[in-house]
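Here our numbering is used: the first residue of the sequence shown is 117, the next is one more, and so on.
Ideal placement from N, C-alpha and C gives every residue a C-beta, glycine not left out.
Keep in mind the model is a prediction, meaning the values are calculated, not measured.
What follows is a short report on a single structure.
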Amino acid sequence: TTNIPSDLFFSDIAVSGSSEYILAGYGIVGVPHMDAIYLLKVNSFGIPIWYRSIRDSTTPSRVYCMVKKNNKYIVTGYSDSVYTLCVDDNGNTLWHKKYFQASHGLVNITTTSDNGFIACGWKNNQGLIIKTDSVGNLLWTKNFDAGYSRYFNKIIQHNNYFYLIGVRDDVINDIGKPVISRINLNGD
117 TTNIPSDLFF SDIAVSGSSE YILAGYGIVG VPHMDAIYLL KVNSFGIPIW YRSIRDSTTP
177 SRVYCMVKKN NKYIVTGYSD SVYTLCVDDN GNTLWHKKYF QASHGLVNIT TTSDNGFIAC
237 GWKNNQGLII KTDSVGNLLW TKNFDAGYSR YFNKIIQHNN YFYLIGVRDD VINDIGKPVI
297 SRINLNGD
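Rendered as structure tokens:
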């Protein structure tokens, strides 16, 4: 594989097969220079097998997290909207969903017991959680406003609950405090 840009910023990695890996991130593509989503598949020696650039919009794209499910890779992040993107083991786009406009961001995604996905991040200084089905269709969304900035960084499912970690910012005193939250499968 040739012509892989040198200014890529990777944020996540997933195992693909016994000795291959898929990296997800972002970088600059084209003229005028615009950010794009980048996926790079490498072997165990780091030698590229293929790469894909996906221009999400005319605004900068950021990739934060990727999860593997059934040899498919679901990537989440934001550009002019928050998104999830699913590719197969060869980097072909299977689906690409956008959910909200700017001032939102998804920074973590995981699979759920109903074969869907749940992602977390922020929306206008509020904690944000979105729940989708297995092909990225939005099932529900929850915002958590606590009178201060709140951001969720990680979400996991354990039995009948989702657990989130994040931070709340007290802008008056300039103090960030850790947040641990638990919600049920419906987001309550």
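Beta-carbon separation (whole angstroms), residue i vs residue j, contact threshold 8 Å
{"i": "Gly237", "j": "Val183", "result": "In fact, because the Cβ distance is near 14 Å, the residues do not count as touching under 8 Å."}
{"i": "Asp261", "j": "Gln273", "result": "About 23 Å separates the two Cβ atoms, so there is no contact after all."}
{"i": "Ile246", "j": "Leu201", "result": "At roughly 14 Å, the Cβ-Cβ gap does not stay under 8 Å, so Ile246 and Leu201 are not in contact."}
{"i": "Phe268", "j": "Gly282", "result": "4 Å"}
{"i": "Arg266", "j": "Arg284", "result": "5 Å"}
Residue span of the beta strand (DSSP E) that contains residue i, given as start and end
{"i": "Gly237", "result": "233–239"}
{"i": "Arg178", "result": "178–185"}
{"i": "Thr228", "result": "Where Thr228 is concerned, there is no enclosing beta strand (DSSP E), given that its DSSP letter is neither H nor E."}
{"i": "Gly243", "result": "242–248"}
{"i": "Asn259", "result": "254–260"}
Under 9 Å between C-beta atoms of residue i and residue j
{"i": "Tyr142", "j": "Leu156", "result": "no"}
{"i": "Asn187", "j": "Asp204", "result": "yes"}
{"i": "Ala235", "j": "Leu255", "result": "no"}
{"i": "Ser127", "j": "Val179", "result": "yes"}
{"i": "Ile271", "j": "Ile225", "result": "yes"}
{"i": "Leu301", "j": "Phe278", "result": "yes"}
Residue i Cβ short of 8 Å to the ligand NAP heavy atom set
{"i": "Tyr180", "result": "Here there are no bound small molecules, and the ligand NAP is not part of this structure."}
Of the listed residues the options, nearest to residue i (C-alpha basis)
{"i": "Ile163", "options": "His212, Asn275, Leu139, Cys181", "result": "Leu139"}
{"i": "His212", "options": "Thr228, His220, Ser195", "result": "Ser195"}
{"i": "Ile275", "options": "Thr228, Tyr137, Ser160, Phe233", "result": "Per the sequence shown, residue 275 should be read as Asn rather than Ile. Ranking Thr228, Tyr137, Ser160, Phe233 by Cα distance to Asn275 puts Thr228 first."}
{"i": "Phe233", "options": "Thr192, His220, Leu210, Asn208", "result": "Thr192"}
{"i": "Leu210", "options": "Thr226, Tyr189, Phe216", "result": "Tyr189"}
{"i": "Gly133", "options": "Val158, Val295, Asp123", "result": "Val158"}
{"i": "Pro294", "options": "Asn300, Gly303, Leu280", "result": "Leu280"}
{"i": "Val137", "options": "Asn240, Ile165, His220", "result": "Note that residue 137 is Tyr in the sequence shown here, rather than Val. Among Asn240, Ile165, His220, the Cα nearest to that of Tyr137 is on Ile165."}
{"i": "Gly303", "options": "Ile296, Lys258, Gly292", "result": "Lys258"}
{"i": "Phe161", "options": "Lys185, Cys181, Ser135", "result": "Ser135"}
{"i": "Ala130", "options": "Cys181, Gly292, Asn208", "result": "Cys181"}
{"i": "Tyr248", "options": "Lys214, Phe125, Asn240", "result": "Before going further, note that residue 248 is Thr rather than Tyr in the sequence given. Closest option to Thr248, Cα to Cα, is Lys214."}
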